[in-house]
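So the protein sequences, as listed, match chains A and B.
Residues in the first sequence are numbered from 2 upward in steps of one, following the numbering used here.
Residues in the second sequence are numbered from 2 upward in steps of one, following the numbering used here.
For each residue, glycine too, the CB sits at the ideal point set by N, CA and C.
No experiment lies behind these values; they were computed from the predicted model shown.
Take a look at the structure below.
There are 2 protein chains.
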Amino acid sequence: MAQLNPMELAIGVDIGGTNTKYGIVNHRGEILEQGSLRTDDHETPEGFVEALHGALVPIMEQQHEYKIKGVGIGAPNGNFYTGTIEYAPNLRWKGVVPLAKMVSEKFWVPCVLTNDANAAAVGEMMYGAARGMRDFIMITLGTGVGSGIVANGQLIYGHDGFAGELGHTIIRPGGRPHWSTSLVGSLEAYCSATGIVLTAKELLEQTNDESLMRRYKPEEITSKVVYDCAVQGDALAKETYRFTGQILGESLANFIMFSSPEAIILFGGVIKAGELIMQPTKEHMEKNLLPIFQNKIKLVFSELREADAAILGASALVWELK
Amino acid sequence: MAQLNPMELAIGVDIGGTNTKYGIVNHRGEILEQGSLRTDDHETPEGFVEALHGALVPIMEQQHEYKIKGVGIGAPNGNFYTGTIEYAPNLRWKGVVPLAKMVSEKFWVPCVLTNDANAAAVGEMMYGAARGMRDFIMITLGTGVGSGIVANGQLIYGHDGFAGELGHTIIRPGGRPHWSTSLVGSLEAYCSATGIVLTAKELLEQTNDESLMRRYKPEEITSKVVYDCAVQGDALAKETYRFTGQILGESLANFIMFSSPEAIILFGGVIKAGELIMQPTKEHMEKNLLPIFQNKIKLVFSELREADAAILGASALVWELK
Numbered sequence: 002m003a004q005l006n007p008m009e010l011a012i013g014v015d016i017g018g019t020n021t022k023y024g025i026v027n028h029r030g031e032i033l034e035q036g037s038l039r040t041d042d043h044e045t046p047e048g049f050v051e052a053l054h055g056a057l058v059p060i061m062e063q064q065h066e067y068k069i070k071g072v073g074i075g076a077p078n079g080n081f082y083t084g085t086i087e088y089a090p091n092l093r094w095k096g097v098v099p100l101a102k103m104v105s106e107k108f109w110v111p112c113v114l115t116n117d118a119n120a121a122a123v124g125e126m127m128y129g130a131a132r133g134m135r136d137f138i139m140i141t142l143g144t145g146v147g148s149g150i151v152a153n154g155q156l157i158y159g160h161d162g163f164a165g166e167l168g169h170t171i172i173r174p175g176g177r178p179h180w181s182t183s184l185v186g187s188l189e190a191y192c193s194a195t196g197i198v199l200t201a202k203e204l205l206e207q208t209n210d211e212s213l214m215r216r217y218k219p220e221e222i223t224s225k226v227v228y229d230c231a232v233q234g235d236a237l238a239k240e241t242y243r244f245t246g247q248i249l250g251e252s253l254a255n256f257i258m259f260s261s262p263e264a265i266i267l268f269g270g271v272i273k274a275g276e277l278i279m280q281p282t283k284e285h286m287e288k289n290l291l292p293i294f295q296n297k298i299k300l301v302f303s304e305l306r307e308a309d310a311a312i313l314g315a316s317a318l319v320w321e322l323k
Numbered sequence: 002m003a004q005l006n007p008m009e010l011a012i013g014v015d016i017g018g019t020n021t022k023y024g025i026v027n028h029r030g031e032i033l034e035q036g037s038l039r040t041d042d043h044e045t046p047e048g049f050v051e052a053l054h055g056a057l058v059p060i061m062e063q064q065h066e067y068k069i070k071g072v073g074i075g076a077p078n079g080n081f082y083t084g085t086i087e088y089a090p091n092l093r094w095k096g097v098v099p100l101a102k103m104v105s106e107k108f109w110v111p112c113v114l115t116n117d118a119n120a121a122a123v124g125e126m127m128y129g130a131a132r133g134m135r136d137f138i139m140i141t142l143g144t145g146v147g148s149g150i151v152a153n154g155q156l157i158y159g160h161d162g163f164a165g166e167l168g169h170t171i172i173r174p175g176g177r178p179h180w181s182t183s184l185v186g187s188l189e190a191y192c193s194a195t196g197i198v199l200t201a202k203e204l205l206e207q208t209n210d211e212s213l214m215r216r217y218k219p220e221e222i223t224s225k226v227v228y229d230c231a232v233q234g235d236a237l238a239k240e241t242y243r244f245t246g247q248i249l250g251e252s253l254a255n256f257i258m259f260s261s262p263e264a265i266i267l268f269g270g271v272i273k274a275g276e277l278i279m280q281p282t283k284e285h286m287e288k289n290l291l292p293i294f295q296n297k298i299k300l301v302f303s304e305l306r307e308a309d310a311a312i313l314g315a316s317a318l319v320w321e322l323k
């Protein structure tokens, strides 16, 4: 179990393609100060680390009675073992970036790095819906579909640090091609925000049914439009969520038969749809499970505020440091 | 790591629906003595334990200069946490059977039990192709499809002891119904010996192509017949393996994106087909992986003799006892 010292603080950094959020967190999981900077303003990782340091120094100096234990970073394609970001398609920095080493040398404290979904899982285990659990799977449903897997109380990193890419597992062989990975029929192709929009557009093309969504031009249909129409009772928008939930539920059943978790925790923008997505997900998850798994696995939404979760998760990595 | 004491021996027991194999194994993984008894002769687990004890006592007495450290059992639906066999469809003993406790009380030594595929994975890690690996997946392709998953050097049991049912994951939603689980499109429905026979029969029905398999009545076509025809160059029999390998490869890609193992080890009767199954499996595995996983994961056949592996795997559980 992590060592939590009340006289220590952890810095959590969540790197996204556009923005980077950072915060300084105490042992109770309270964010004392937070802020953000643009990621994509910085052509080089060196410039980014410089800017991050500049932003954090004043905050760190305010907390001078505490010791900064370290910096935890969640980043796309972040590798826990090597502390590097490797070929992240959404970042301007190409190739393999030794970010943990760079941050550690700049801040003079240890730095630990993993991918954003793994960081979220650690946050959930320490502060959220997975407190006390030794076996759970966290699925983040946002622009993409990410995942963090905990088994035997440990994050599963795999032999190379890249385990837990559940968004790229194939659930519809021969199905929808992914716009960026070119894998065919992957979970992310259906259950990300982008996937939901594609499903809505397909349904609009396949039928002549009336739909509130027809008031929008195809390029105006976003996942928010689908959601707004669904809560107004629009049948096609609701069908979009039903189908999304079916695909997600089938995938979750497969994941359960892999690691038999106590719970699956859903997180991210897509879960704002609440029961619209939860009900079909649960139905199709149960339907595709062996009887020994049925009605045993908790399917719950994250308890962390989305705005805080990324920083908390990244900072939680620091408490795991020996 | 397991404690291996040269003055200790482990008993390994592999319980199958029809036969139970047992052996007495030293710290080098050598089976000193082995034998078998009928499982299905015994209407009650009590009678079975009595018979097992009767068979093993003479062997144990021959090894009187050694200490018996314990009994390891691999059994269908065996639960590591509880030491019970739970609702095993292939056994005559119904409900929940506290077999580890019964064996321990009869033999006066500790008894550890898990499912047969997990036992095989432990055997492979200790004596076989996975020596020294901390992250690998073992897939047993026999009458059914079983699996054992090792991550961070530990077997993944899940919160309830039932993790690793990869044969029941769905790879063809809406596809072939499983003859016993009633799940639709599961890996086992295609890649078990039974699944291979079904594929061959489907291909024979769908075409009028000549095939050596047409010399057999449908009920005479076994997986051995398919194999024999394939090695003679029969196109439909070879297509049966190609299709089987495709399904298996797609499934393996999904498993890799879950736990990013160093290797996948294939075991069981089906792998006798060698390259007929390996080549398409590898092709479709690589094709369905994200680039970060491609050409990195070893796909290999087990190094253990099938006749020995079950006993070795079960006995290996004993060395893990504290």
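Residue-level contact to chain B via CB, residue i, 7 angstroms cutoff
i, result
"Phe163 (chain A)", "yes"
"Pro174 (chain A)", "yes"
"Ser260 (chain A)", "yes"
"Ile171 (chain A)", "yes"
"Met2 (chain A)", "Residue placement at Met2 (chain A) is flagged as unreliable, the pLDDT there being 49, under the threshold of 50; the coordinate-derived value follows with that caveat. With 7 angstroms as the cut-off, Met2 (chain A) does not count as an interface residue toward chain B."
"Glu125 (chain A)", "no"
"His179 (chain A)", "no"
"His285 (chain A)", "no"
"Glu1 (chain A)", "Any property of residue 1 (chain A) remains undetermined from this structure, which presents chain A solely from 2 to 323."
"Glu166 (chain A)", "yes"
Neighbour flag for residue i against chain A, beta carbons, 7 angstroms
i, result
"Ala152 (chain B)", "yes"
"Ile157 (chain B)", "yes"
"Leu291 (chain B)", "yes"
"Asn27 (chain B)", "no"
"Asn255 (chain B)", "yes"
"Leu305 (chain B)", "no"
"Asp136 (chain B)", "yes"
"Glu251 (chain B)", "yes"
Of the listed residues the options, nearest to residue i (C-alpha basis)
i, options, result
"Glu51 (chain B)", "B:Val104, B:Glu221 and B:Asn153", "B:Val104"
"Gly84 (chain B)", "B:Leu204, B:Pro219, B:Val72 and B:Arg306", "B:Val72"
"Glu9 (chain A)", "A:Phe81, A:Val110, A:Gly269 and A:His43", "A:Val110"
"Gly186 (chain B)", "A:Met61, A:Ile12, A:Asn296 and A:Ile172", "A:Ile172"
"Val146 (chain A)", "A:Arg132, A:Phe108 and A:Glu166", "A:Glu166"
"Ile140 (chain A)", "B:Phe259, B:Glu106, B:Gln63 and B:Thr223", "B:Phe259"
"Ala101 (chain B)", "B:Ile12, B:Glu189 and B:His179", "B:Ile12"
"Asn331 (chain B)", "B:Val58, B:Val227 and B:Lys70", "Nothing can be reported for residue 331 (chain B), as the shown portion of chain B is limited to 2 through 323."
"Thr223 (chain B)", "B:Asp210, B:Ile197 and B:Glu87", "B:Ile197"
Cβ shell of residue i (< 7 angstroms), same chain only, five flanking positions each side left out
i, result
"Leu277 (chain A)", "Ala231, Lys239 and Tyr242"
"Asp235 (chain B)", "Ser212, Leu213 and Met214"
"Leu205 (chain A)", "Ser212, Met214, Arg215 and Leu237"
"Pro219 (chain A)", "Lys202"
"Glu44 (chain A)", "Arg93"
"Gly30 (chain B)", "Met127, Tyr128 and Leu313"
Residues near residue i by beta carbon distance below 6 angstroms, same chain, minus five either side
i, result
"Phe163 (chain B)", "none"
"Met2 (chain B)", "At Met2 (chain B) the pLDDT is 49, less than 50, meaning the model places this residue with poor confidence; the figure from the coordinates comes in the next sentence. No residues qualify anywhere along the chain."
"Ala89 (chain B)", "Pro77 and Asn78"
"Ile60 (chain A)", "Ile25 and Glu34"
"Leu188 (chain A)", "Val146, Gly168, Thr170, Ile172 and Ser252"
"Gly250 (chain A)", "Thr282, His285 and Met286"
For residue i, the residue or residues it bridges with in DSSP
i, result
"Val97 (chain B)", "B:Glu87"
"Phe268 (chain A)", "A:Thr141"
"Cys112 (chain B)", "B:Val72"
"Glu34 (chain B)", "B:Ile25"
"Gln155 (chain B)", "B:Ala152"
Beta-carbon contacts of residue i that lie in its chain and below 8 angstroms, excluding the five residues immediately before and after
i, result
"Asn153 (chain A)", "Arg135 and Asp136"
"Ala56 (chain A)", "Tyr23, Gly36 and Leu38"
"Leu300 (chain A)", "Leu253, Ala264, Ile265, Leu267, Met279, Thr282, Lys283 and Met286"
"Thr200 (chain A)", "Tyr191, Thr241, Phe244 and Thr245"
"Val113 (chain B)", "Gly71, Val72, Gly73, Ile74, Phe81, Gly84, Ala101, Leu318, Val319, Glu321 and Leu322"
Should the region 154-173 of chain B be called in touch with the region 272-286 of chain B, which here means at least 3 C-beta pairs below 8 angstroms?
-> The region 154-173 of chain B vs the region 272-286 of chain B: no contact.
Should the region 265-273 of chain B be regarded as contacting the region 306-317 of chain B, the criterion being three or more beta carbon pairs within less than 8 angstroms?
-> Three or more beta-carbon pairs separated by less than 8 angstroms link the region 265-273 of chain B to the region 306-317 of chain B, which places the two stretches in contact.
Take every Cβ of the region 313-320 of chain B, pair it with every Cβ of the region 9-22 of chain B, and state whether three or more of those distances are shorter than 8 angstroms.
-> yes
Cβ pair count under 8 angstroms reaching 3, the region 90-97 of chain B against the region 118-131 of chain B = The region 90-97 of chain B is not in contact with the region 118-131 of chain B.
Is the region 246-260 of chain A touching the region 282-300 of chain A in the sense that three or more CB pairs, one from each, lie closer than 8 angstroms?
-> yes
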